[in-house]
Every structure is written in structure tokens, then in C-alpha cells.
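In short: position in the sequence shown from 1, add 17, done, that's the working numbering.
Don't be surprised by glycine CBs; every beta carbon is placed ideally from N, CA and C.
In this text the structure is predicted, and so the values were computed from the model without any measurement.
Have a look at the structure below before the remarks.
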Amino acid sequence: MEILLIIVCGILTSISVYLILSKSLIRIIIGTTLLSHAANLFLLTMGGLKNGNVPIYEKGVSDYVDPIPQALILTAIVISFAVTAFFLVLAFRSYKELGTDNVERMKGVPQDDDE
């Protein structure tokens, strides 16, 4: 099962890198969101997918599940939600001001003319 999740992490990472390298601002935002999801899934996979009890000390229980990866992922989900919301507001504002979501037009790069 862990091998399957690692393959899914690789696929999500490759899709997100492809989207981040595009010219559209919305695709870049979707790519960063997918990259954060891939990182969360990678952290969950590295924490180990095993069955166990809650990490509270009880008599006779020796198999616990590590709570640290889940706490890290919960924090990362909140942070990525806030960053995605900020990126969307920033993209909306720049689209209203500049009239485009093309990153090259925002920078003022001249178009290639075949003359």
C-alpha cells in the first residue's frame, strides 16, 4: 500500500510541476495547491501506514501510532488553505487591474513577432 501512495505522490508532484511552469496564473495556483497535497500525502506515507492504538499510555498496550505526522499534516493543511486563499485574491486583483492572467503579459515581456 505504501508503494502505491509513493507512486501517487510522484504523479501529483509531476502534475503540479507541469502546472506551475505554465503561463496562466490560475494554473500556477492549482499547481501549488496540488504540490501541497502531494507533500501532505508524502508526510503521511513516511509516517507509516500501520494499525495501532492511540498514543496514550495504558497498561499492556505496546503498539502505538505516531501522532507527529498527523499533527504536521493538519498544520500544513491550514497553512496551505490560507496561502491558496491569498493567491486567489491576489490573482483576482491582478486580473481586475491588468486584464489578463498571462504571466508574461504581466511582466511586460514583448510578444515574439515572426518578421
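Residue from the options with nearest C-alpha to residue i
| i | options | result |
| --- | --- | --- |
| Leu22 | Thr50, Thr49, Ser39 and Gly64 | Gly64 |
| Ala88 | Leu52, Glu19, Lys124 and Leu58 | Leu58 |
| His54 | Phe109, Pro84, Phe104 and Ile28 | Ile28 |
| Val100 | Leu61, Ile45 and Ser31 | Ile45 |
Residue i, enclosing alpha helix (DSSP H) - first and last residue
| i | result |
| --- | --- |
| Ile73 | Where Ile73 is concerned, there is no enclosing alpha helix (DSSP H), given that its DSSP letter is neither H nor E. |
| Thr117 | From DSSP, Thr117 is part of no alpha helix (DSSP H); its letter is neither H nor E. |
Minimum Cβ-Cβ distance from residue i to chain C less than 7 Å
| i | result |
| --- | --- |
| Ala88 | Of the chains in the structure shown, none is chain C; there is only one protein chain. |
Own chain residues within Cβ distance below 7 Å of residue i, not counting five before or after
| i | result |
| --- | --- |
| Ser41 | Asp118 and Asn119 |
| Glu121 | Lys40 |
| Pro84 | Pro72 |
Sequence-distant residues of the same chain with beta carbon closer than 8 Å to residue i, five excluded per side
| i | result |
| --- | --- |
| Met18 | Leu66 |
Same chain, Cβ closer than 6 Å to residue i, five either side skipped, listed in chain order
| i | result |
| --- | --- |
| Ser97 | Ser53 |
Taking only runs of the alpha helix (DSSP H) that begin and end inside the segment 18-47, which ones reach a length of at least 4 residues, in chain order? Here the runs fully enclosed are 19-37.
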